[in-house]
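First up is the structure itself, then whatever we jot down about it.
2 protein chains.
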Amino acid sequence: MGKLVRVGLIGCGTVGQGVVRLLHAEGAEIERKTGLRLELVRVADKDPAQARKAGVPEERITADAGAVIEDQDISVVVELVGGTGAAKDFVVQSLRAGKDVVTANKALLARFGREIHSTARANRRCVAFEASCGGGIPLILPLRTGLIANRISAVYGILNGTCNYILTEMSQKGKSYAEALKEAQASGYAEPDPTLDVSGGDTAHKLAILASIAFGCDVDIDRLHVEGIQELDAQDLAAGRELGYVCKLLGIAARTDAGLSLRVHPSFVRKDHPLASTSGSFNAISVYGNWVGHTLYYGRGAGSKPTASAVVADLVDVGLGNAGRTFEQFRILNDVTEPPLYASMDGLRTRFYVRLMVADRPGVMAQIAKAFGDKDISLRAVTQHEPNLTNGSDAVPVVVLTHEAVEGHMREALREIAGLAIVRDKPVMIRVVEEHEEYTA
Amino acid sequence: MGKLVRVGLIGCGTVGQGVVRLLHAEGAEIERKTGLRLELVRVADKDPAQARKAGVPEERITADAGAVIEDQDISVVVELVGGTGAAKDFVVQSLRAGKDVVTANKALLARFGREIHSTARANRRCVAFEASCGGGIPLILPLRTGLIANRISAVYGILNGTCNYILTEMSQKGKSYAEALKEAQASGYAEPDPTLDVSGGDTAHKLAILASIAFGCDVDIDRLHVEGIQELDAQDLAAGRELGYVCKLLGIAARTDAGLSLRVHPSFVRKDHPLASTSGSFNAISVYGNWVGHTLYYGRGAGSKPTASAVVADLVDVGLGNAGRTFEQFRILNDVTEPPLYASMDGLRTRFYVRLMVADRPGVMAQIAKAFGDKDISLRAVTQHEPNLTNGSDAVPVVVLTHEAVEGHMREALREIAGLAIVRDKPVMIRVVEEHEEYTA
Chain A
848 MGKLVRVGLI GCGTVGQGVV RLLHAEGAEI ERKTGLRLEL VRVADKDPAQ
898 ARKAGVPEER ITADAGAVIE DQDISVVVEL VGGTGAAKDF VVQSLRAGKD
948 VVTANKALLA RFGREIHSTA RANRRCVAFE ASCGGGIPLI LPLRTGLIAN
998 RISAVYGILN GTCNYILTEM SQKGKSYAEA LKEAQASGYA EPDPTLDVSG
1048 GDTAHKLAIL ASIAFGCDVD IDRLHVEGIQ ELDAQDLAAG RELGYVCKLL
1098 GIAARTDAGL SLRVHPSFVR KDHPLASTSG SFNAISVYGN WVGHTLYYGR
1148 GAGSKPTASA VVADLVDVGL GNAGRTFEQF RILNDVTEPP LYASMDGLRT
1198 RFYVRLMVAD RPGVMAQIAK AFGDKDISLR AVTQHEPNLT NGSDAVPVVV
1248 LTHEAVEGHM REALREIAGL AIVRDKPVMI RVVEEHEEYT A
Chain B
848 MGKLVRVGLI GCGTVGQGVV RLLHAEGAEI ERKTGLRLEL VRVADKDPAQ
898 ARKAGVPEER ITADAGAVIE DQDISVVVEL VGGTGAAKDF VVQSLRAGKD
948 VVTANKALLA RFGREIHSTA RANRRCVAFE ASCGGGIPLI LPLRTGLIAN
998 RISAVYGILN GTCNYILTEM SQKGKSYAEA LKEAQASGYA EPDPTLDVSG
1048 GDTAHKLAIL ASIAFGCDVD IDRLHVEGIQ ELDAQDLAAG RELGYVCKLL
1098 GIAARTDAGL SLRVHPSFVR KDHPLASTSG SFNAISVYGN WVGHTLYYGR
1148 GAGSKPTASA VVADLVDVGL GNAGRTFEQF RILNDVTEPP LYASMDGLRT
1198 RFYVRLMVAD RPGVMAQIAK AFGDKDISLR AVTQHEPNLT NGSDAVPVVV
1248 LTHEAVEGHM REALREIAGL AIVRDKPVMI RVVEEHEEYT A
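So the protein lines, in turn, are chains A and B. The opening position of the first sequence corresponds to residue 848 in our numbering, with each subsequent residue numbered one higher. The opening position of the second sequence corresponds to residue 848 in our numbering, with each subsequent residue numbered one higher.
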């Protein structure tokens, strides 16, 4: 018989039930392969019916998380409550009670990583969190160990399946944001309240965690520039598509001369860009190292089964003792690293897609071109479509693709342009993200 | 100061020099991050000039591998000699001398994995071999630990950068095999003697290693069905392209009702297949697990820097003690697993692309259709091109895409067709590989 690892689970929602089912279905095989017998001793959920649904025996179910945390028999607590309220207490108390913790909680680690890791360290325990980013994709693992010999120059990720699903529907089928969101909710790809996903918040959480590890620094989640997908207009996705671009919500962490650039925003990538073909609810993450070059990891970023796969991998790693050893020895987590130097968004150099709704009148193009030129922004392509006479408006869309320019200059130019009499609507700006140079200094 | 890990290196060619340079450039940073000081104590190469080229101090260079193996100070030996001759002795002797081994040697592990792992086990040492498959891509790591909770249903890999480079050139630029190979050699993507790569042998080695781990069995390399790319004709790649397919040399290991299907062969994949966009010398590997679903790993499958990245990651893992613990505890390597049940190629169910050169004469299509129909092979698409009257031949190409059929039946049908009076050349057959079903039983 294998070494017994007694596991407690707090939070038996979708992912928790996946973990229960996985351990039930695969426990024997996992024991055969790893020599570890993962036994689910106690499962806590405010709503015990959740645990019953997954087939947990009645005597192991409790409504009281404390009963898991205080159970002397339990050596590892799996926290799947989510959020930064009760979940934080559960994690901290579990660590103080001498238990290792496995969690999928990105919000918690992004916001309180420093406190949680230092609590773990003070209690000589560890926190494992493979499931927090990229769902079932082994991602923390390569970042922490597989690429340890590298200095990472950049991480580019499609980290939120809900947004990617919505953008794919909008791009490929010309749906509006509202339609695509509704459909995502109906198919279970979006929550009834989708705010955290569509605002870019969830992507920001994951990016903060990945950046902390990749660059060995203590990232402050509030220092990320975050834009969501709620304001995207299907006509821009269509216009981008015509020009050969696909729109993705990217989380980007990149070393620049001005410091670490950390940002989440809708991005046009060329259709042959490594991330362009990641469609629907899939996630993909590119990592660039100075020795390994470009590596990419792809898979299901969410869902009960993939996330359970990552949680159980962590349980094995913790049970084996490897997670603890890495946690103790490596100096790459927030509590033992310094804050990065943050690069300002205003200083960002990137290319831009801009759409302006302008009066269909002579001299318009000259005014626009001058406004950009005054700010040192050079245009790479300009498309003016014919006016849509049926809607009674005299406004026509002018689509501009720029060469690389400074974001601060672009904002100034757009402020000026917005003030021109010929401009009808608020200008639309979407950053164009080029493929990262594989080997940078 | 970090814990000292004394490393010996045998074989200082391209990859060995990469390791030397990496440790020199990044050693201090790696020590800071991991608490391990990786010290290169001694470097052996038959040609000491190689080690000098990488900047190894003279007093640490030796022409005698034995001087590394017998050095009592050294705890880990990195074997980068390659092949199954002297390299095998070096590895076995190092293990017997109480040293852990890190190796990039796929041929050695594919052919002698059982012996090497059991020697390691008998001496309570470990063998780490991340660099053997997929170059710098962390691949063994996710397979061994990140996906440990899963039953793997299939692995599909573009595992050889040389072949992928040649096929990309042939596909995208219409070059002949000979031209593309020549160019690959000129650019350093192919060896002067490219046989091991283009024959599919190198892919087979890597596939055998990956399949052994993914399916927890002892794969006999000689039981793989292996076809290379040498006989591919650019006209078939062009014809496939017209039909929406890209040609890749795939290594495939898939669980089927008839056992484990293990095969390396040129494959047509649809242009939206997850592996289709892996171009040039890049590698990509899809792994399908019953919980995680589809995951994919992408990056540089060869080269000095990426491979060195993987070797040094292994050194850290060994130095930390995690590699040893996993090696000792997990029962997934050849020496502690059984041979799989091998599925026969004749029983394989797949789709096919077939090109026949036939006489441009009435009744030809009927004869061909009958030959396929007699063997229960149903056709999905047939294209007959106009005869090329300029070359004086009356032969015209007929391209057939079949529905799924049994390979044994296809071979019989092709034997019959080849014997028909109207058929001019040996029929060309390329298997069409569909995207694997994400979740299979």
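Don't be surprised by glycine CBs; every beta carbon is placed ideally from N, CA and C. Note that the coordinates shown come from a computational prediction; the quantities given were computed from them, not determined experimentally.
Interface partners of residue i on chain A, CB under 8 Å
i	result
B:Tyr1144	Thr1142, Leu1143, Tyr1144, Tyr1145
B:Glu876	Arg998
B:Thr1173	Leu1167, Asn1169
Classification of residue i by the beta-carbon crowding that lies within 10 angstroms, buried from 16 upward
i	result
A:Gln1019	exposed
B:Gly1063	buried
B:Glu1284	exposed
B:Pro1187	buried
B:Gln919	exposed
A:Thr1197	buried
A:Gly981	buried
A:Ser1034	exposed
A:Ser1128	buried
A:Thr1249	buried
A:Glu1233	exposed
Cut-off 6 Å between Cβ atoms - residues of its own chain near residue i, not counting five sequence neighbours on either side
i	result
A:Ala1105	Ala1190, Gly1194
A:Ile1277	Pro1113, Phe1115, Tyr1200
A:Val1245	Leu1203, Val1205, Gln1231
A:Ser1000	Arg1102, Tyr1135, Thr1287
B:Thr881	Val1163
A:Gly849	Glu878, Gly882, Leu883, Arg884
A:Val1002	Leu1057, Ala1061, Ala1100, Val1134
Per-residue contacts from residue i into chain A (C-beta, under 7 Å)
i	result
B:Ser1034	Here the premise fails: no neighbours, minimum Cβ distance about 16 Å.
B:Gln1176	Thr881, Gly882, Leu1167
B:Ser1018	In chain order: nothing, as chain A lies at least about 14 Å away.
C-beta contact flag for residue i and residue j at 7 Å
i	j	result
A:Val1247	A:Leu869	no
A:Arg991	A:Ile1068	no
A:Gly1221	A:His1256	Before going further, note that residue 1221 of chain A is Asp rather than Gly in the sequence given. Not closer than 7 Å, so no.
A:Gly1150	A:Gly1004	no
B:Leu1122	B:Met1017	no
A:Val1045	A:Gln1077	yes
B:Thr1154	B:Ala951	yes
A:Leu927	B:Gly993	no
B:Ala1051	B:Val1073	yes
A:Leu1107	A:His964	no
A:Leu1267	A:Gln1214	yes
B:Val925	B:Leu856	yes
Where the alpha helix (DSSP H) containing residue i begins and where it ends
i	result
A:Lys1289	Nothing can be reported for residue 1289 of chain A: it is not among the residues displayed for chain A, which extend from 848 to 1288.
A:Tyr1135	Looking at the DSSP string, A:Tyr1135 is not in any alpha helix (DSSP H); the run it does join, the beta strand (DSSP E), is 1129-1136.
A:Val866	861-881
A:Met1257	1254-1266
A:Asp947	Element bounds for A:Asp947: not the alpha helix (DSSP H) but the beta strand (DSSP E), 947-950.
B:Ser1151	1151-1167
B:Leu1043	1042-1045
B:Val1183	It is not in any alpha helix (DSSP H) - B:Val1183 carries neither H nor E in the DSSP assignment.
A:Met1212	1211-1221
Amino acids of chain B, ordered along the chain, whose beta-carbon sits closer than 7 Å to that of residue i
i	result
A:Gly1136	Ser1156
N- and C-terminal bounds of the beta strand (DSSP E) containing residue i
i	result
B:Tyr1003	999-1005
A:Tyr1144	1140-1147
A:Lys1095	1092-1103
B:Gly1228	A small correction: the amino acid at residue 1228 of chain B is Ala; Gly does not occupy that position in the sequence shown. Start and end: 1226-1231.
A:Thr1197	1196-1206
Other residues of its chain near residue i: CB distance less than 8 Å, five sequence neighbours each side excluded
i	result
B:Val1165	Val852, Val923, Asp947, Val949, Cys973, Ala975, Gly1171
Cutoff 7 Å; reference residue i; Cβ partners in own chain excluding five residues on either side
i	result
A:Gln940	Ile916
B:Pro1039	Gln1032
A:Glu1263	Ala1218
B:Arg961	Asp1065, Asn1181, Asp1182
Contacts that residue i makes with chain B (C-beta to C-beta distance below 9 Å)
i	result
A:Gly863	Ordered by position in chain B, no residue passes the 9 Å Cβ test against A:Gly863, which lies about 14 Å from the chain.
Proximal residues of chain B, C-beta to C-beta of residue i below 8 Å
i	result
A:Leu988	Pro985, Leu988, Pro989, Thr992, Gly993
A:Gly1063	Lys880
Partners in chain A for residue i, counting only beta-carbon separations shorter than 9 Å
i	result
B:Glu1254	Simply none; closest approach about 30 Å.
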